[in-house]
Amino acid sequence: MATTPELRGEGGTSDPGSLIAGVAHGGLRRREEAIAALLQQPMDTLLPFLLDRIEAHDFAERNAAIEVLERLGPAAWSQLEPLLDGLSSEGCMFVAPALATFQDARVLSALHRWALSEDPNLAAMSCEAIGKLGEPESVPVLQQVCATDPWTAGPAITALGKIATPAAVRTLEELVRDEDLAPFAIVALAQLPRAASWPLLAEAVREDPSMAGIVLAEGARLFEALDRAAIQHHAHPRNIWVQAAREVLEQTGDRSAAARLLGALQDVGAARKLVDLYLFGDDATAYVEALQAMDGAIEIVREHASRALGDEASRRAVRLLSAISDQPERDLIPFLTHAAASVRLEALIALRPVARKVIGLVAGLLSDPDVLVRKTALQVVELQLELPGVADEIVSDLDFESLPEDVLLLLAQQAPEPLPSAIARFLRSKSQGVRDELRVVLDLREQPERALDELEARARAGQLTEPDLIALLQVERPEAAQFLMRRCQERSPLAGVAAEMLAVHPCAKQEDVERLIAACRRPEVLAALAGFRAVQDRRAFVRTLLAVPVQSDAVAELAILRAGTRLDPQAFERRLRQALDHKDWRLQLAAAKALSGAGIDVGHRTALDARVRDVLIGNV
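In our numbering, the protein residues as written are 1117 to 1736.
This is how it looks when you write it as structure tokens:
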């Protein structure tokens, strides 16, 4: 039959070769037009042509030919069948899935023959196609494959599971006893909605511990697909599964799979064992998920977790309770009194959405000797203050009288309002004993001009402190930025801190920062200023950074490269290549990542650190 003009292939031709190329490489509309045109070709010429393309080594055209063959459907079978004898094993392997789409039992004659082929790939593909058809008459052929060819037994067993006739199920139950084929049979059986097979699978756990992981995982998948009523309906086989999974928990087998199954089975009786395993070293996510799935397990978890002794066990208890608790405030507050500081912080962070009443407990951590604990505690305060309506509660909960002055200073400098104002009111009410640092911080908020004059005098006297410089971030005035600029130019240990504050100060100007960078010789100051964020003129700032000589100090050079490549990676290509030869591997790594991210080829360099070479070849 001749093709209509609008359904012709590439260039308006009806040549099958051009049409199949259109299917393989064309857009959606062109593909559909080419397929329609091919389907109108005479069957006696189209089928040999399609089989020829399937035999060819052009991947795209082979897939296109298979798609067209699938579109032909069962109507093509009578003319296709005699042509299959001339196909190679590889060709038959590609045709087998297409035959399954015909959904016609007549194709089984070819698929059965191929399933018994000596070519294992062809046999496997044919068994898979047989399974999709699901015809009972295929069971004897699949049984024969399982008995004679272990290589293709897996696909044959899967096909038996899809056919699922009584004869197929009996075969699967027999194969569970076969050491080599049991894993395939277990998976196939577990997919069947047949409670009669469940005891057999649970029994396999006891008979062969090495099979337990596979059996339990499939059992979990089976029960997770059922609702609670259906699980209870199958009480006898459920109890057998529970017993098998509990036995695995007591051994060293696949405990994660056992836990998942017990969660699906709602076996609250196993909750105590799961909590013990989790708290005392076996940190498996499956235990948490299983406990989450069990109705009523939370009471057992609360009881056990509250008795957790030692930092690590307490830390695990916090994680477990925060993951499964419906009342985390009630469950986690006990850990705020007896656990180590790091555990208390974990509990506070876990309480973030609900902890309006526990913010006062952070106070002790704000004065902890460990700087990391102090920093994290302040973050907890900030997180709480972000919650709607919490700020006033926090102000009323905190006992300022009991807080050390260092803590008050930290909160006055860095915590958001209304906490600093509340601290100011408290300190104003005190008649004496307020430290100079605290007074300056408060003055910077309320009387900035006077406070800046006092800071200038202290700077001249060499009495300036790091908290003074940090407090200037609260003063959004040009005079504060100018003060920080002057400190950057001094030969003082605080110059680097001043530069860090200037780089993020809201009133710092780009031209002032550029002048400082051009004149700077101290690496710590240069590193901080390179991170200036309020860049308005990107080109000017890039030119300023490029004009700075390459630094021998790795930290300073790293800061320059990071800032520059964030703004214009192409402009920094030469400097990045120089950094690849630096002796500091961190600098090499930063340069390699920047070059790779910008799509710049850096070539082969054998002298690079191994971690850097991984980046260059795309392993990171």
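C-beta atoms are modelled at their ideal positions from N, C-alpha and C, and glycine is treated no differently.
Nothing here was measured: the structure is a model prediction, and the numbers come from that model.
By the Cβ test, the region 1678 to 1693 is in contact with the region 1654 to 1667, since at least three Cβ pairs between them sit closer than 8 Å. Cβ-Cβ distances below 6 Å link Lys-1278 to Gly-1247, Gly-1250 in the same chain, with the five nearest sequence neighbours on each side left out; the list follows chain order. In the three-state reduction of the DSSP assignment, Val-1664 falls in the coil class, being assigned neither a helical nor a strand state. Looking only at Glu-1640, Ala-1687, Ile-1633, the smallest Cα-Cα distance to Arg-1655 is reached by Ala-1687. Excluding five sequence positions before and after Ala-1402, the CB atoms of its chain that fall closer than 6 Å to its own CB belong to Ser-1372, Ala-1375, Arg-1376, given in chain order.
With respect to Leu-1258, Ala-1272 sits close: the two C-beta atoms are nearer than 9 Å. Restricting attention to Ile-1170, Pro-1198, Ser-1130, the CA atom closest to the CA of Glu-1206 is found in Ile-1170. Annotation: the region 1210 to 1236 contains the following complete segments of the alpha helix (DSSP H) (minimum length 4 residues), in chain order: 1224 to 1231. Contact between the region 1177 to 1188 and the region 1222 to 1233 is absent: fewer than three C-beta pairs spanning the two stretches fall below 8 Å.
The beta carbons of Ala-1386 and Val-1358 sit closer together than 9 Å. In this chain, the alpha helix (DSSP H) harbouring Lys-1278 covers 1266 to 1279.
Going by beta carbons, Ala-1380 and Ala-1336 fall inside the 9 Å limit. Spatial neighbours of Asp-1669 in its own chain (CB-CB distance under 6 Å, excluding positions within 5 residues in sequence) are listed in chain order as Pro-1639. Burial of Val-1391 is indicated by the presence of at least 16 other C-beta atoms within 10 angstroms of its C-beta. DSSP places Ala-1406 in the uninterrupted alpha helix (DSSP H) bounded by 1401 to 1409. Nearest in C-alpha terms to Ala-1176, of all of Ala-1192, Pro-1158, Thr-1217, Gly-1133, is Gly-1133.
Secondary structure of Thr-1161 (DSSP, three-state): helix. In terms of Cβ geometry, Trp-1193 and Phe-1218 form a close pair [threshold 9 Å].
When C-alpha distances from Pro-1256 are compared across Leu-1215, Arg-1286, Asn-1237, Asp-1235, the shortest belongs to Arg-1286. Contact check for Ala-1644 against Ala-1624 fails: the beta carbons are separated by 9 Å or more. Rounded to whole angstroms, the gap between the alpha carbons of Thr-1161 and Ser-1204 is 19 Å. In this chain, the alpha helix (DSSP H) harbouring Thr-1681 covers 1670 to 1683.
By the CB criterion at 9 Å, Ser-1242 and Ala-1212 fall inside the cutoff.
Arg-1603 and Leu-1696 have their alpha carbons spaced roughly 34 Å apart. Collapsing the DSSP output to three states places Ser-1430 in a helix.
DSSP places Lys-1625 in the coil class of the three-state scheme, outside both helix and strand.
Within the same chain, and ignoring the five residues on either side of Pro-1594 in sequence, the residues whose Cβ sits closer than 7 Å to its Cβ are Cys-1623. If you draw a straight line from the Cα of Glu-1673 to the Cα of Leu-1568, it comes to about 33 Å. The straight-line gap separating the alpha-carbon atoms of Arg-1631 and Leu-1705 is approximately 29 Å.
The beta carbon of Leu-1524 sits closer than 6 Å to those of Ile-1539, all from its chain and outside the five residues before and after it, given in chain order. With a contact defined as Cβ atoms closer than 8 Å, Leu-1332 and Asp-1370 qualify at about 6 Å. Nearest in C-alpha terms to Glu-1253, of all of Ala-1284, Leu-1232, Cys-1262, Glu-1234, is Ala-1284.
Secondary structure note for Glu-1572: its alpha helix (DSSP H) is the uninterrupted segment 1564 to 1576.
Cβ-Cβ distances below 6 Å link Asp-1220 to Pro-1190 in the same chain, with the five nearest sequence neighbours on each side left out; the list follows chain order. The beta carbons of Ala-1596 and Val-1641 sit about 18 Å from each other, so the pair does not count as a contact at 8 Å.
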